[in-house]
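What follows is a short report on a single structure.
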Ligand code: FPP
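Numbering (this note's numbering), first residue to last: 1 to 243.
This is the structure:
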């Protein structure tokens with residue numbers, strides 16, 4: 001398949017779903033699903049950078065994921081630390097800038113430490129920005145933004161009339177990310193699940209039945225190919241766009 005390299009989405013976000021179901025179908029435990037999921041992450045990160053995607057944002061752990069069995073939460077955190085350690089070299093070689101969104105203060109200490117280290121080590125890289133959403137929830141992101149703005153209004157730092165989209169954006173975890181162009185969700189579920197609510201306002205949505213551990217480079221190409229066929233009108237008419 002030929003992708004139009006002049007129309008690569010600048011911001012791709014992915015809800016990586018289906019690790020558990022994939023493992024079950026293999027007669028394996030969920031840990032095996034997540035481990036294989038990490039391998040898919042590695043492949044997709046590398047291919048995204050190669051294609052010239054500027055921003056790749058992955059939903060790794062939501063504010064709701066704490067409700068999972070404690071053992072699974074521990075496994076996910078352990079996998080995260082080992083993956084960061086293992087992938088730092090690769091990220092550096094690929095000029096990837098690593099970043100996170102979400103409330104990191106609730107994550108275990110060693111996870112916070114490794115995240116901080118990886119962010120520091122990659123902050124001068126100028127290639128693709130890879131953002132992991134960790135303890136992230138779209139509603140929580142908006143709530144903490146509104147709370148901060150309310151404090152500033154109360155203290156006369158901002159006047160209520162001046163609260164606009166730019167000001168709201170400046171208080172989001174995603175303040176330094178552009179709007180999402182393409183949102184992909186694997187595993188056949190067709191939901192947003194509290195991901196990037198503000199930044200997906202005009203995102204193209206792409207759902208695939210493929211379970212995350214099986215999602216590979218060619219599936220990413222299919223998603224981008226589908227995106228490239230779409231007409232993004234941003235509220236305008238087709239005629240206006242073609243004029
Ligand atoms: C969904 O599968 C996946 C997650 C809970 C988060 C994604 C995690 C990974 C890809 C592995 C760890 C990631 C990093 C970055 C180290 P699921 O468990 O919800 O699958 P199910 O719906 O089939 O049960």
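Don't be surprised by glycine CBs; every beta carbon is placed ideally from N, CA and C.
Residue 231 places its beta carbon 8 Å or farther from that of residue 207. Annotation for residue 91 indicates a beta carbon at 7 Å or more from all heavy atoms of the ligand FPP. In this structure, DSSP gives residue 221 a helical state, which the three-state scheme calls helix. Residue 96 places its beta carbon 8 Å or farther from that of residue 58. Shown here for residue 50: not one same chain residue has a beta carbon closer than 6 Å to its own, the five before and five after excluded.
Between residue 84 and residue 118, the C-beta spacing is below 8 Å.
By the Cβ test, the region 165-180 is not in contact with the region 24-31, since fewer than three Cβ pairs between them sit closer than 8 Å. Where residue 21 is concerned, the enclosing alpha helix (DSSP H) starts and stops at 19-25. For residue 146, there is no enclosing beta strand (DSSP E); the enclosing alpha helix (DSSP H) has its first and last residue at 138-154. Inclusion of residue 196 and residue 138 in the CB contact set at 8 Å is warranted, their separation being smaller than that value.
Between residue 179 and the set 90, 134, 132, 200, the nearest pair of CA atoms involves 200.
Taken in chain order, the complete alpha helix (DSSP H) segments of 4 or more residues contained in the region 173-234 are 217-229. From the listed residues 39, 177, 171, 210, the smallest Cα separation to residue 10 is found for 177.
The closest CA to that of residue 61, considering only 47, 92, 106, is found on 106.
Taken in chain order, the whole beta strand (DSSP E) runs of length 3 or more contained in the region 18-76 are 55-62. Excluding the 5 residues flanking it on each side, residue 141 has same chain C-beta neighbours closer than 6 Å at 172, 173, in chain order. Non-local C-beta neighbours of residue 145 in its own chain, meaning closer than 7 Å and more than five positions away in sequence, comprise 168, 171, 172, ordered along the chain.
Annotation for residue 102: 133, 134, 135, 136 place their beta carbon closer than 6 Å to its own, counting only its chain and skipping 5 residues before and after.
The three-state reading of DSSP puts residue 237 in coil, since its state is none of H, G, I, E or B. Exposed is the label assigned to residue 225, since fewer than 16 other Cβ atoms lie within 10 Å of its Cβ. For residue 225, the shortest separation between its Cβ and any heavy atom of the ligand FPP does not lie below 7 Å. Judged by DSSP in its simplified three-state form, residue 135 adopts strand.
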